[in-house]
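Residue numbers (this note's numbering): 35 to 165.
If you want it as structure tokens, here you go:
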């Protein structure tokens, strides 16, 4: 059974979005390094690798609302194979929206549309690279 592991909240005004969620829910935000316009959202305490410390806790991310991907919040589901799940979605009547793409060496990410028009994220974690 695949599990929900992450969520994403697109924004038009980053400062406004962060102010809202930090004031209402006390969430914290951490910009990713580099040029990728993506911010991690922490809803629970994390360890040094930014993984949730609370069992069952999930964190999320945010990105600018644009022409590709979802314009609404996205539930992200961890899968063994992003490529295979995209095929499964298409065979069941859904469609591919974005990806699959390598996400900074951490995993493979795609967005698909279900048969009701909802966009769902798919996340395939990659094994940590050894030094």
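Even glycine gets a Cβ: it sits at the ideal position worked out from N, Cα and C.
This one's a predicted model, so the numbers in the text were calculated from it and none came from an experiment.
{"Check": "Pull up the CB-CB distance for residue 39 and residue 111, whole angstroms please, since I reckon it's below 8 Å.", "Outcome": "7 Å"}
{"Check": "Please classify residue 43: does DSSP put it in a helix, a strand, or coil?", "Outcome": "strand"}
{"Check": "Please list, in chain order, all residues of the same chain as residue 78 whose beta carbon is under 6 Å from its beta carbon, the five residues on each side excluded.", "Outcome": "86, 88 and 91"}
{"Check": "Return the residue from the list 108, 135 and 148 that minimises the CA-CA distance to residue 125.", "Outcome": "148"}
{"Check": "Checking the sheet assignment: what are the DSSP bridge partners for residue 73?", "Outcome": "65 and 96"}
{"Check": "In angstroms, rounded to a whole number, what distance separates the CA positions of residue 50 and residue 135?", "Outcome": "28 Å"}
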